[in-house]
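K.L.:
Counting from 183, one number per residue, gives the positions in the sequence shown under the numbering used here.
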Amino acid sequence: MTSFDLSRRGMILGAAGGAALLAAGRPQVLQAAAHTMAPLPTFYDRMVGNLRVTTLLDGYFGLEQNLVTNLGEEQIEEALKAAYLDPANPIPLAISTHVIRQGDQVSLVDAGAGGSFGPTAGRLRTLLESLGVAPEDVTRIVLTHMHPDHIGGLMGDNGPVFPNASLHVSETDHAFWTDETIASGAPESSQGFFALARAVSEAYTQRTEMFGDNTDLGGGLTTLAMPGHTPGHSGLRVSDGSDQLIIWGDSTAVASLQFSHPDAGIAFDADSAQAAETRRRVLDMVVADEIAVAGTHLPFPGIGHVEEKDGAYAWVPEEWQHM
């Protein structure tokens, strides 16, 4: 297992941290990549006003516990047992993406892992086909950030997968991941992350639109600044009338740990202190306003509400909506 520099500066430079992702074909956080993809749920539909939000399960991976930061081994074991998970095993995490449809507009929020996480992920194109959505039908793509499990599905063997879609990405995140100076000073283990981000940037350069904090993208989508996991990590408020859903990307990623221990981070956080501060701010907001949320790595479909509990938080999954 690759070692990590968990200092603030070290994690900014090694934000993608510890896995020669593209060179090795899969990150070392994975424990399931040697197996073939097991049968999995495919998608989950939910309405937000008149907007149809479809959550797709791109795949899954197992997070090694030594990649959890700011939490002791005993606390990790206790929290995993409380979630009925075996502490002897890697922590199971989903990889989800979202399709938002309104009339002729088809928006994709993140694009899954593509081929970067091995055979247990990268199902986005197959799932889109099952929905009757061809790559040519996608009109825009909004990225929460530029980690490989969110942008890998943008690229295929012959270049960009989505020929007609505009690509919306945080100006801060894009600047970080495409900066040659930053990349040259990053650990060798991170070079695949930077290389993929640059490839995506080049492939979609004519169709890329940068956004800042709290940018109205139109069609009921507004970006929300949630920095820390990456420098420009962003959430997305999906709203229609009084109904809304916040897609928070990786702001809270490990349900079994980070609701009960919101200061716990993962080694892929660019700035762990900022990530924890953002996490608490977002959790407080959705608790106070009783807003439904969706998270990339929460147990599929990863949609629900958050409540205060014992000085921290608790995850309340939404009951499955049969549509």
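C-beta atoms are modelled at their ideal positions from N, C-alpha and C, and glycine is treated no differently. Only a predicted model underlies this, so the values are computations on that prediction, with no experimental measurement involved.
(1) Contact between the stretch 300 to 308 and the stretch 331 to 342: three or more CB pairs below 8 angstroms?
(2) If you follow the beta strand (DSSP E) that G330 is part of, which residue opens it and which one closes it?
(3) Compare the Cα-Cα distances from E384 to each of P342, Q373, G431 and report the closest residue.
(4) Taking the C-alpha atoms as reference points, what is the distance between V250 and A449?
(5) In whole angstroms, give me the CA-to-CA distance for E501 and G367.
(6) By DSSP, does S352 sit in helix, in strand, or in coil?
(7) What is the DSSP secondary structure of E490, reduced to helix, strand or coil?
(8) Could you spell out where the alpha helix (DSSP H) holding F376 opens and where it closes?
(9) V324 to A474, Cα distance in whole Å?
(10) Roughly how many angstroms separate the alpha carbons of L378 and A496, rounded to a whole number?
(11) Could you check how far apart the C-beta atoms of D466 and T326 are, in whole angstroms? I think they sit under 8 angstroms.
(12) Could you tell me the alpha carbon to alpha carbon distance between N248 and A276, rounded to whole angstroms?
(13) Please look up how many angstroms separate the CB atoms of G401 and Q284, rounded, as I've assumed it's under 8 angstroms.
(14) Could you tell me which of E362, V382, E353 sits nearest to A347, measuring between CA atoms?
(15) Determine whether the Cβ of H329 lies closer than 8 angstroms to any Cβ atom of chain B.
(16) By Cβ distance, which residues of its chain are closer than 7 angstroms to V211, with the 5 residues on each side in sequence left out?
(17) When DSSP labels each residue in this structure, what does R305 get in the three-state scheme?
(18) Please work out which residues of its chain come closer than 6 angstroms, Cβ to Cβ, to N541, disregarding the five sequence neighbours upstream and downstream, and give them in chain order.
(19) Starting from V420, trace the beta strand (DSSP E) both ways and give me its first and last residue.
(20) Less than 8 angstroms separating the beta-carbons of G294 and D331?
(21) For Y226, which residues does DSSP report across the bridge?
(22) Rounded to whole angstroms, what is the Cα-Cα separation between R208 and G300?
(23) Report the three-state DSSP secondary structure of W497 (helix, strand or coil).
P.N.:
Considering the structure as presented:
(1) yes
(2) Contrary to the premise, residue 330 reads as Pro rather than Gly in this sequence. Counting along the chain, P330 falls outside any beta strand (DSSP E), though it belongs to the alpha helix (DSSP H) covering 330 to 333.
(3) P342
(4) 6 angstroms
(5) 46 angstroms
(6) strand
(7) strand
(8) 373 to 385
(9) 19 angstroms
(10) 35 angstroms
(11) Contact doesn't hold; Cβ gap of about 20 angstroms is too wide.
(12) 19 angstroms
(13) 6 angstroms
(14) V382
(15) Going by chain labels, chain B is absent from the structure shown, which holds only one protein chain.
(16) Any reading at V211 must be qualified, since the residue scores a pLDDT of 43, below 50, and its modelled position is unreliable; the value itself is stated next. Taken in chain order, the residues that qualify are A201, F243, L245, E246, L249.
(17) coil
(18) Outside the modelled stretch of the chain, which goes from 183 to 505, sits residue 541, for which no answer is possible.
(19) 416 to 422
(20) yes
(21) T237
(22) Legend: pLDDT at R208 = 37, less than 50; position of this residue unreliable, no value from coordinates given.
(23) strand
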